[in-house]
Structure formats: C-alpha cells, structure tokens
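Only one structure is covered here, and it is reproduced in the block below.
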Amino acid sequence: MEVIHKIGRRKTAVARVYVSDGNGNITVNKKEMNDYFTTGTLQYKVNQPLNLTGNDKTFDVKVNVYGGGITGQAEAIRLALSRAMVELDEENRTTLKPEGLLTRDPRMVERKKYGQKKARKKFQFSKR
Numbered sequence: 324m325e326v327i328h329k330i331g332r333r334k335t336a337v338a339r340v341y342v343s344d345g346n347g348n349i350t351v352n353k354k355e356m357n358d359y360f361t362t363g364t365l366q367y368k369v370n371q372p373l374n375l376t377g378n379d380k381t382f383d384v385k386v387n388v389y390g391g392g393i394t395g396q397a398e399a400i401r402l403a404l405s406r407a408m409v410e411l412d413e414e415n416r417t418t419l420k421p422e423g424l425l426t427r428d429p430r431m432v433e434r435k436k437y438g439q440k441k442a443r444k445k446f447q448f449s450k451r
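This is the structure:
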C-alpha cells in the first residue's frame, strides 16, 4: 500500500495526515500522540475514525498540524483521518457519515467591529 495523504481543517487549524501500513502508531508533529494531546477527550477525537472503522491497530499515522488551538487541531486531524479511511475503503463512508465525521465544520471566529469592545459586546454606556 502506498502512503495516503489527506488534509483536514477546523477553524484556523490545518492538519496533513499520512497513513501507511503499520501497527497503530500515531505521531503528531514528531511527538507521540499521547504527549501532544494530553487529555483523554482530545485523544478520543483523534482516534475516533480509526476506532469506528476498526483500523486502530493496522495503520501508522504521521500528522503535521499547525494553526489554531489544541481542540481545533484535534478536530482537523479527525477530519483528515476520516477522509483517509474513506479513500482506503468506500464502505467506511456508511460508518463515518452518520457520525458527522466527513463534514467540514464551517464555523469561524467572528471579527471584532470598530466602536465595540468585541465582536458583539458593546462598550458600557453610562448616563451621568
């Protein structure tokens, strides 16, 4: 099997995933996944597409991820891995699609407007 390369995005995070035959090692930015994502929730998000398709011990995954925060990065990796699992076997689409793992989340941070404190919050008005 050749290496499968897929890209996933979430907010401003971009993840490039390289899937090859192996025994379940996941490397994120040249670190072990458990060292990069320290909480169990984030580790679960990254492993979700592999666990649902039953490929958690059959492939080695190398990830380059940048931008955004740690949660956005984990969800970008999840999208890229889901896309890679579908390219491996089209049958995986029926497993991943109902879980919403093949949909790119379009929500982005709303920009700050001038004359306001934040995107929606206004400066406090006092009547003195």
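Here the sequence shown stands for residues 324 to 451, numbered as in the numbering used here. Note that CB positions come from ideal geometry on N, CA and C, so glycine has one too. Please read these numbers as outputs of a predicted model, since none were measured by experiment.
- Its Cα nearest to that of VAL369, the residue THR394 stands out among TYR389, ASN346, THR394.
- Ranked by Cα distance from VAL409, the options TYR359, GLY377, THR362, LEU365 are led by GLY377.
- Contact check for ARG332 against GLN371 fails: the beta carbons are separated by 8 Å or more.
- In the structure shown, the three-state DSSP call for ASN378 is coil.
- Only buried fits ASN415, as 16 or more other CB atoms lie within 10 angstroms of its CB.
- Contact annotation, GLU422 with LEU365: C-beta distance approximately 17 Å; criterion of less than 8 Å not satisfied.
- In the DSSP secondary-structure assignment, ASN387 is bridged to ARG339.
- Spatial neighbours of VAL342 in its own chain (CB-CB distance under 6 Å, excluding positions within 5 residues in sequence) are listed in chain order as ILE327, PHE382, VAL384, ALA407.
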